[in-house]
Amino acid sequence: MSNVQTPATYFTAPLLDQTMQEIDVDISAQPYFYNNGGTPEYLADVSTGIELIQVSSTNAHMSMGHVYDVPKEIATIQTHWGAQTQLAFAGNSFEFMPLKATPETAAAFGMTLVKAGQAIEVQATQKKLSQIKYQYGMLAGHFFPYDPIQINLAAKTLYPFVVTDLEHHDFPHVFASTDPNKLPLVISAGRYFPKDRKIYLADLWVEHGDALYIPEMPKQVAPEFIDLHNNRNAALACWKGESSQSTIHMHTLLDPKGYFYWFWNGCPTIHPQLTAFETAELDREIA
């Protein structure tokens, strides 16, 4: 028996995320988000030929996704960037229902779908925002930001599963699906009912050229429900395996210095491909 050790072999480090470009957006001067044929723009006025839409209304009865019990909130800690609330889920594994982003599915999580040729007025308390072009890797969801050992490390550890990691904040968002290879953008979403102790979970698949607008949502007193989101699973479409693409590009409007409210659970989650879910639903209907 040989005791000789051979050198270790490692995979090339996969991308978590990368800021490709950042531009300032002054909402007081350019209050309208315009989806210009799939390109995100911000306008001072809406000209003839542009369809100005309103923020979608929503209510508790419009909720969608897989629903799970939340027996309790384990703890909330305050950080420099915001509040982190750990939720207890009833069960061991949790599936985000894949849904095509439509006006109805977006409204189920407090969002508004903005199609090409449409514009929407951005309401923001903080007027100085940023539009950032991001690149996300297909393994970005496997980063666990609530591990205290990892907080101050430049290198991040890949976990063998994806946790529930959702947020709301005191500034508005625009998530624009702008990948040059036309892969859809995936936004994970949740609707949490604190009093009813339940949460709805879904992945919204945003077609290339579409965008989601999310109004600012500061902390509320005794809310009926809290709409939540996260884009760390943005590159979920890469897992379909139809190309060698392992990253996705997107554009996001946000306040880099804003205050966040995170809600998380450390149990493994399941994120099916949209096509697999649609095929399963069709098979059930035929049966």
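First residue of the sequence shown: 62, per the working numbering; consecutive thereafter. Yeah, the Cβ is synthetic: ideal placement off N, Cα and C, and Gly gets one too. Model, not experiment: these values are computed from the prediction.
query                                                                                                                                                             : result
Are the Cβ atoms of HIS269 and GLY98 separated by less than 8 Å?                                                                                                  : no
For PHE222 and PRO329, I'd like the C-alpha separation in whole angstroms.                                                                                        : 5 Å
Please say whether PRO284 and PRO255 have beta carbons closer to each other than 8 Å?                                                                             : yes
Around the Cβ of GLY202, are there at least 16 other Cβ atoms within 10 angstroms (buried) or fewer (exposed)?                                                    : buried
Would you mind sorting HIS290 into buried or exposed? The rule is 16 or more other CB atoms within 10 Å of its CB.                                                : buried
Whole-angstrom Cβ separation of ASP231 and PRO279, contact assumed at under 8 Å?                                                                                  : 4 Å
Please classify GLU165: does DSSP put it in a helix, a strand, or coil?                                                                                           : helix
One question on the structure: do TYR274 and VAL247 come within less than 8 Å of each other, judged by their Cβ atoms?                                            : no
Leaving out five residues on either side along the sequence, give the residues of the same chain with a beta carbon under 6 Å from the beta carbon of GLN79.      : GLN196
What's the gap between the Cα of ALA349 and the Cα of LEU244?                                                                                                     : Beyond the ends of the chain as shown, which are 62 and 348, falls residue 349; an answer cannot be given.
Given a threshold of 16 other Cβ atoms within 10 Å of its Cβ, counted over all protein chains shown, does TRP142 qualify as buried or as exposed?                 : exposed
Where do the N-terminal and C-terminal ends of the beta strand (DSSP E) with GLU134 fall, by residue?                                                             : 133 to 139
Quick one: Cα of ALA263 to Cα of ASN64, how far?                                                                                                                  : 51 Å
Can you find the residues in the same chain that come closer than 6 Å, C-beta to C-beta, to TYR261, ignoring five residues on each side of it along the sequence? : SER124, GLY126, VAL128 and ARG252
Do LEU314 and VAL131 have their C-beta atoms within less than 8 Å of each other?                                                                                  : no
Spell out a yes or no on whether the region 149 to 167 and the region 65 to 84 are touching, meaning 3 or more CB-CB pairs, one atom from each, closer than 8 Å.  : no
Does the beta-carbon of HIS122 have 16 or more other beta-carbons within 10 angstroms, so that it is buried, or is it exposed?                                    : exposed
According to DSSP, simplified to helix, strand and coil, what is ALA69?                                                                                           : coil
For a quick check, are the C-beta atoms of LYS194 and ASP271 less than 8 Å apart?                                                                                 : no
Can you look up THR239 in the DSSP assignment and give me helix, strand or coil?                                                                                  : coil
Suppose the cutoff is 8 Å on Cβ atoms and the five residues either side in sequence are ignored; what does the same chain contact list for GLN334 look like?      : PRO159, LEU297, ALA298, TRP300 and LYS301
Bridge partners for VAL128 per DSSP, in chain order?                                                                                                              : TYR261
Compare the C-alpha of ALA365 against each of PRO164, ILE331, VAL267 and ASP226 and name the closest.                                                             : Summary: the structure shown does not reach residue 365, with the chain confined to residues 62 through 348, and so no result is reported for it.
Is it buried or exposed for ASP257, if we count other Cβ within 10 angstroms and need 16 for buried?                                                              : exposed
Leaving out five residues on either side along the sequence, give the residues of the same chain with a beta carbon under 6 Å from the beta carbon of GLU102.     : TYR95
Note down the Cα distance separating VAL224 from TYR93, rounded to an integer number of angstroms.                                                                : 34 Å
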